[in-house]
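Student:
Number of protein chains: 2
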Amino acid sequence: MNEKELAELSGGVESLGFRPLYRQVRDRLIRRLVDGVWAPGEPLPSEIQLAAELGVSQGTVRKALDAMAAENLVVRRQGRGTFVARHDEERIMFQFFKLVGDDGQRTFPQSKVLALSLARANAAERAALKLAKDTRVIRIRRLRSIKGAPVIVENIALPEPMFPGLAAMEPPNNLYGLYAMRFGVTVASTREQLKAVAVCEADAEALGATPGVPALKIDRLALSLERQPVEWRVSVCLTEKLHYLSELR
Amino acid sequence: MNEKELAELSGGVESLGFRPLYRQVRDRLIRRLVDGVWAPGEPLPSEIQLAAELGVSQGTVRKALDAMAAENLVVRRQGRGTFVARHDEERIMFQFFKLVGDDGQRTFPQSKVLALSLARANAAERAALKLAKDTRVIRIRRLRSIKGAPVIVENIALPEPMFPGLAAMEPPNNLYGLYAMRFGVTVASTREQLKAVAVCEADAEALGATPGVPALKIDRLALSLERQPVEWRVSVCLTEKLHYLSELR
DNA sequence: TAGTGGTCTAGACCACCGA
DNA sequence: CGGTGGTCTAGACCACTAA
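Quick note, the sequences are listed as chains W and C, same order. The numbering of the first sequence is the numbering used here, which starts it at 13 and goes up by one. The numbering of the second sequence is the numbering used here, which starts it at 13 and goes up by one.
(1) Considering only their Cβ atoms, is the gap separating Gly48 of chain C from Gly196 of chain C smaller than 9 Å?
(2) Rank C:Val248, C:Gln240 and C:Arg35 by C-alpha distance to the C-alpha of Val225 of chain C and give the top, closest one.
(3) Where does Arg74 of chain W sit, in a helix, a strand or coil, going by DSSP?
(4) Using 8 Å as the threshold, is the region 28-42 of chain C in touch with the region 62-73 of chain C, meaning 3 or more CB pairs across them?
(5) Using a Cβ cut-off of 9 Å (strictly closer), state whether Arg261 of chain W contacts chain C.
(6) Once DSSP output is grouped into helix, strand and coil, what is the label at Gln5 of chain W?
(7) Would Thr202 of chain C pass as an interface residue toward chain W - the criterion being a Cβ-Cβ separation below 9 Å?
(8) Which bits of chain C does Glu83 of chain W rub up against, with CB to CB less than 8 Å?
(9) Can you tell me whether Arg2 of chain W is buried or exposed, with buried defined as 16 or more other CB within 10 angstroms of its CB?
(10) Tell me the DSSP secondary structure of Leu62 of chain W in three-state form.
(11) Apply the 10 Å Cβ neighbour rule to Lys159 of chain C and answer buried if 16 or more other Cβ atoms are within range, or exposed otherwise.
(12) Assuming contact is defined by CB atoms lying nearer than 9 Å, are Trp244 of chain W and Leu141 of chain W in contact in what I supplied?
(13) Measuring CB to CB, does Lys110 of chain C end up less than 9 Å from Ser258 of chain W?
(14) Find the residues of chain C that neighbour Ala97 of chain W, judging by a C-beta separation of less than 9 Å, and give them in chain order.
(15) Using only alpha-carbon positions, find the residue among C:Val149, C:Ala218 and C:Ala127 that is nearest to Ala135 of chain C.
(16) What are the boundary residues of the beta strand (DSSP E) that includes Ala246 of chain W?
(17) Against chain W, which members of the region 209-220 of chain C pass a CB distance test of less than 7 Å?
(18) Going straight from the alpha carbon of Arg132 of chain C to that of Val165 of chain W, what length do you get?
(19) What residues match up with Gln205 of chain C in a beta bridge as DSSP calls it?
(20) So the alpha helix (DSSP H) Phe195 of chain C belongs to, where does it begin and stop?
(21) Could you tell me which of W:Glu252, W:Asn186, W:Thr202 and W:Asn167 sits nearest to Leu128 of chain W, measuring between CA atoms?
(22) Enumerate, from N- to C-terminal direction, the unbroken alpha helix (DSSP H) stretches of 4 or more residues contained entirely within the region 118-171 of chain W.
(23) If you measure from the beta carbon of Ser247 of chain C to each beta carbon in chain W, is any gap under 9 Å?
(24) List, in chain order, every chain C residue whose beta-carbon is nearer than 8 Å to that of Pro226 of chain W.
(25) Could you confirm whether any beta carbon from chain W is found closer than 9 Å to the beta carbon of Val163 of chain C?
(26) What separation, rounded to the nearest whole angstrom, lies between the Cα atoms of Asp231 of chain C and Glu137 of chain C?
(27) Does the Cβ of Asp115 of chain C have 16 or more other Cβ atoms within 10 Å, making it buried, or fewer, making it exposed?
(28) Output the distance between the C-alpha atoms of Val68 of chain W and Arg153 of chain W, rounded to the nearest integer angstrom.
(29) Since Leu257 of chain C meets chain W, which of its residues come closer than 9 Å, beta carbon to beta carbon?
(30) Taking 9 Å as the CB-CB cut-off, is Lys142 of chain C touching chain W?
(31) Do Leu85 of chain C and Leu237 of chain C have their CB atoms nearer than 9 Å?
(32) Taking Ala51 of chain W as the reference, which of W:Ser157, W:Arg194 and W:Leu233 has the closest Cα?
(33) Against chain W, which members of the region 100-113 of chain C pass a CB distance test of less than 9 Å?
(34) Are any of the Cβ atoms in chain C nearer than 9 Å to that of Leu254 of chain W?
(35) Work out the CA separation of Val96 of chain W and Arg261 of chain C for me, nearest whole Å.
(36) Check Val87 of chain W in the structure and name its three-state DSSP category.
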């Protein structure tokens with residue numbers, strides 16, 4: 013069953029001309045995730061079932077699933093099965109939320125929406141989200157607090173066509189969970205650019221801080237499974253009692 | 013040859029009571045790296061040779077080497093062999109140096125040593141580096157410039173026993189390369205804590221900046237292969253034309 | 001106890017590299 | 001061309017989970 017099918021899907025750069033079978037299997041399974049064949053938290057079929065269905069050996073399916081587990085797309089549990097990764101607060105917290113208290117405590121912040129609007133994308137938004145001219149975006153501005161103390165003010169921009177009707181909803185605390193549950197959009201990776209800045213007047217007022225105080229600016233672009241821009245978010249954080257934790261290996 | 017040897021080595025937390033063979037193989041190979049059996053850049057024996065020598069199958073050696081490649085300890089090249097990872101500027105740049113120009117350019121900075129001294133570790137150094145009382149540390153203060161413009165001032169503390177004689181040397185641009193080549197100490201991972209701060213008088217003078225300007229403070233602890241603290245480094249960075257890049261998946 | 005993922009082996013063949 | 005790592009298969013057995 014060694015047919016080198018000519019599936020063409022998203023993914024990393026390939027040497028073009030050779031596409032390992034397990035890579036093709038991975039891509040086909042990711043396609044099913046994108047299509048919502050299995051909901052987050054649900055178990056996939058067992059390795060043996062998938063192998064039989066796809067006409068490859070169990071070892072090849074295993075290698076594909078291992079790769080997906082390394083990408084945090086599925087969770088494997090010995091004796092139980094392989095499950096579609098969930099975007100609950102716990103996962104987000106450890107995967108994408110890197111702000112930690114100086115005492116080492118991680119606390120997921122509460123959020124308060126300050127403004128929500130719908131408008132044509134401006135030049136910056138079009139560039140960041142790779143949008144065509146005249147595409148509409150949803151803009152959210154919110155204040156996030158940890159233990160009652162306001163520490164982050166953030167401006168979020170979303171392509172409206174990807175999230176139809178979101179502008180009319182009450183945004184929950186955990187936006188990535190909403191994207192996944194209600195719009196089938198999975199945030200698979202992010203690219204963050206950090207700078208130190210002086211807090212501007214508007215942000216200072218929202219945060220209850222003195223204008224000009226140093227703050228950490230986090231410019232984040234979130235990408236979907238297909239590596240399409242999903243969300244652009246600029247956060248301004250007071251880091252007096254917090255820090256951004258980055259572990260490199 | 014399925015003897016579950018009772019090798020006890022560094023590494024992640026184990027369920028204690030079961031230690032996969034490939035894990036044991038990995039640990040034995042890491043032990044050899046630590047002992048300097050193969051120098052950085054040198055090829056390891058082929059999978060088949062290692063398998064024969066260690067009395068396991070080629071597949072098991074492969075799994076161990078794959079794990080080590082994922083940890084950036086070795087580099088595998090199809091058709092050539094498996095090589096001990098080098099700590100040259102290129103590798104450091106992409107693995108541990110996360111500052112990128114706003115134009116997307118990565119430039120390894122030039123360094124100028126401002127001060128170098130040898131002293132008993134103070135309380136903060138003992139805590140960070142997990143040192144016994146009265147251990148001596150080497151302190152280096154240096155200024156780093158990109159394209160001639162000073163952008164980083166950093167204070168480095170090293171356990172003197174781990175780097176005997178370093179205090180009398182002229183520190184090169186790339187310290188991690190020196191640690192590896194001259195002292196057999198490999199920096200395998202780092203933990204960085206980022207904050208926004210106002211530049212203090214002393215740092216401002218070194219950087220040629222105005223005191224009070226916002227800057228990015230990076231508090232980095234570097235760990236060896238055995239997960240022992242190797243270096244404590246606090247960098248203060250001007251991020252007007254730079255940013256810290258963090259990619260999360 | 002049945003079913004899952006995890007480990008280990010053995011062997012075949014493929015892609016890639018350098019002499 | 002020979003040697004390397006990379007892929008794929010098939011099958012045995014182990015560790016873990018839930019009923």
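Think of the CB as a built atom: it goes at the ideal place given N, C-alpha and C, for glycine as much as any other residue. All of these numbers come straight from a predicted model, not from anything done at the bench.
Tutor: To lay it out plainly:
(1) yes
(2) C:Val248
(3) helix
(4) yes
(5) yes
(6) Here chain W has residues from 13 to 261 only, and residue 5 of chain W is not among them.
(7) yes
(8) Arg261
(9) For residue 2 of chain W there is no data in the structure shown, the boundaries of chain W being 13 and 261.
(10) helix
(11) exposed
(12) yes
(13) yes
(14) None at all; the shortest Cβ gap to chain C is about 12 Å.
(15) C:Val149
(16) The displayed chain sequence assigns Val, not Ala, to residue 246 of chain W. Counting along the chain, the beta strand (DSSP E) containing Val246 of chain W begins and ends at Pro241 to Cys249.
(17) Val209 and Ala210
(18) 43 Å
(19) W:Leu257 and C:Asp231
(20) Leu187 to Phe195
(21) W:Asn167
(22) 135-141
(23) no
(24) Ala208, Val209, Ala210, Pro226 and Ala227
(25) no
(26) 12 Å
(27) exposed
(28) 49 Å
(29) Arg203, Glu204, Gln205 and Leu206
(30) no
(31) yes
(32) W:Arg194
(33) Gln107, Phe108, Lys110 and Val112
(34) yes
(35) 15 Å
(36) strand
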